[in-house]
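Enquirer: The sequence shown begins at 64 in this note's numbering and counts up by one.
All C-beta atoms, glycine included, are put in the ideal place defined by N, C-alpha and C.
In this text, all values refer to a predicted model and were calculated from it rather than measured experimentally.
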Amino acid sequence: MKLVFATHNKNKFNEVQRLLPKHIELLSLDDIKSFEAIPETADTLEGNARIKADYVTQNFGYPCFADDTGLLVRALNGAPGVFSARYAGPNANANANMKKLLEALKGKQDRSAQFETVIALNLKTETKLFRASAPGKIITERKGVEGFGYDPIFMPDGFDKTFAELPIEVKNKISHRGKAISQLLTYLNTL
Ligand code: IMP
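(1) Under the DSSP definition of a beta bridge, which residues are partnered with Phe128?
(2) Is any heavy atom of the ligand NAD found at a distance shorter than 7 Å from the C-beta of Tyr118?
(3) For the region 156 to 202, list the beta strand (DSSP E) runs that are entirely contained and at least 3 residues long, ordered along the chain.
(4) Please work out which residues of its chain come closer than 7 Å, Cβ to Cβ, to Gly212, disregarding the five sequence neighbours upstream and downstream, and give them in chain order.
(5) Which one or two residues does DSSP pair with Val136 in a beta bridge?
(6) Just to be sure I understand the criterion: a residue counts if its Cβ is closer than 5 Å to at least one heavy atom of the ligand IMP. Which residues meet that?
(7) Report yes if the CB atom of Leu135 is closer than 8 Å to the CB atom of Glu179, and no otherwise.
(8) Helix, strand or coil for Glu88, going by three-state DSSP, please let me know.
(9) Report yes if the CB atom of Thr107 is closer than 8 Å to the CB atom of Ile114, and no otherwise.
(10) How about Ala183 and Lys242: are their beta carbons less than 8 Å apart?
(11) Could you give the residue range of the beta strand (DSSP E) that holds Phe123?
(12) Among residues of its own chain, excluding the 5 on either side of Phe226, which ones have a beta-carbon nearer than 6 Å to its beta-carbon?
(13) Can you give the Cα-Cα distance for Ile244 and Val79, rounded to whole angstroms?
(14) Compute the beta-carbon to beta-carbon distance between Ala176 and Gly207, rounded to the nearest angstrom, for a pair I have assumed lies under 8 Å.
(15) Give the DSSP-derived three-state secondary structure of Gly144 in the structure shown.
(16) Kindly identify the DSSP beta-bridge partner or partners of Phe217.
(17) Are Ala138 and Asp173 touching if we call contact CB-CB under 8 Å?
(18) Given this structure, state the Cα-to-Cα distance separating Asp220 from Ala116, to the nearest angstrom.
(19) How would you call Thr120, buried or exposed, if buried means at least 16 neighbouring beta carbons within 10 angstroms?
(20) Within the continuous alpha helix (DSSP H) that includes Tyr150, where are the two ends?
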């Protein structure tokens, strides 16, 4: 079975490819020559994951899965949430996003937050959703150099290191995306 993972991110792709059963041939957006940016216009993670998976299935005919992730901060009523990638502006990078978040939390007592990932799997006949989260807190200054995005300021519950200080194998076991992918893999292994 050919299955598309709707991503251009090679790291994410390789990580998942290694874990798939042999009868599934995983293809990336580049493999199917899907080069246009897919507009993520929904206001929920689930909505955006569905848009990306449905776009590929409708335009290229393959079954497909897509993921969408957000960082939800309690003292900010769940912001930046679905807008995490663009928190500090449409072309914001991780540094600008972290800077804005640290400023927004200045003086706040409650620094609890969680990452959430939704994966939508469009199998043409039906769509399945997988959702997982990683609870933790936003610390007051950046620590660590691993990972990406908000990792240097996110400390998962039960650890005294940020995601950017933890080895990738540890992060993958406890992270929102790691847990959602493991649900997806369990399901794909039953097909
Ligand atoms: P995406 O849906 O995977 O593109 O993620 C949306 C945004 O959330 C990214 O631009 C990152 O800033 C942030 N993000 C997603 N996953 C992680 C993570 O594992 N660590 C830190 N930031 C993340």
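Expert: Looking at the coordinates:
(1) Counting from 1 along the sequence shown, the entry for residue 128 is found at position 65. Partner(s): Phe68 and Leu184.
(2) With respect to the ligand NAD, the structure shown offers nothing to examine, as its ligands consist of the ligand IMP.
(3) 175 to 185 and 190 to 201
(4) Taking the sequence shown and counting its residues from 1, one reaches residue 212 at position 149. These residues qualify, in order along the chain: Ala157.
(5) For the purposes of this step, residue 136 is taken as residue 73 along the sequence shown, with counting starting at 1. Ala176.
(6) Asp131, Thr132, Ser147, Ala148, Gly212, Tyr213 and Asp214
(7) Stepping through the sequence shown from its first residue, residue 135 is reached at position 72. Stepping through the sequence shown from its first residue, residue 179 is reached at position 116. In contact: Leu135 and Glu179 (Cβ atoms closer than 8 Å).
(8) Here the question's residue 88 lines up with position 25 in the sequence shown. The answer is strand: DSSP assigns Glu88 an E or B state.
(9) To locate residue 107, count along the sequence shown from 1; it is residue 44. To locate residue 114, count along the sequence shown from 1; it is residue 51. For Thr107 and Ile114, no; Cβs fall outside 8 Å.
(10) Numbered from its first residue, the sequence shown carries residue 183 at position 120. Numbered from its first residue, the sequence shown carries residue 242 at position 179. No, the pair does not count as a contact, with Cβ atoms beyond the cut-off.
(11) Position 60 of the sequence shown holds residue 123. Phe123 -> not in any beta strand (DSSP E); alpha helix (DSSP H) instead, spanning Leu108 to Phe123.
(12) Locating residue 226 in the sequence shown gives position 163, where the first residue counts as 1. The answer, listed in chain order, is Gly210, Asp214, Phe217 and Lys234.
(13) For the purposes of this step, residue 244 is identified with residue 181 of the sequence shown, where counting begins at 1. For the purposes of this step, residue 79 is identified with residue 16 of the sequence shown, where counting begins at 1. Answer to the nearest angstrom: the Cα atoms are 8 Å apart.
(14) The residue given as residue 176 occupies position 113 in the sequence shown. The residue given as residue 207 occupies position 144 in the sequence shown. Going by Cβ atoms, the distance from Ala176 to Gly207 rounds to 16 Å, so no, they are not a contact pair.
(15) As a working note, residue 144 is residue 81 in the sequence shown. Note: Gly144 maps to strand in three-state DSSP.
(16) Taking the first residue of the sequence shown as position 1, residue 217 is located at position 154. Its beta-bridge partners are Ile201.
(17) On the sequence shown, position 75 is the one that residue 138 refers to. On the sequence shown, position 110 is the one that residue 173 refers to. A contact, by the Cβ cut-off of 8 Å.
(18) Working through the sequence shown from its first residue, we reach residue 220 at position 157. Working through the sequence shown from its first residue, we reach residue 116 at position 53. C-alpha separation (whole angstroms): 31 Å.
(19) Here residue 120 corresponds to residue number 57 of the sequence shown, with the count starting at 1. Under this definition Thr120 is a buried residue.
(20) For the purposes of this step, residue 150 is taken as the residue at position 87 of the sequence shown. No alpha helix (DSSP H) contains Tyr150, which DSSP labels as neither H nor E.
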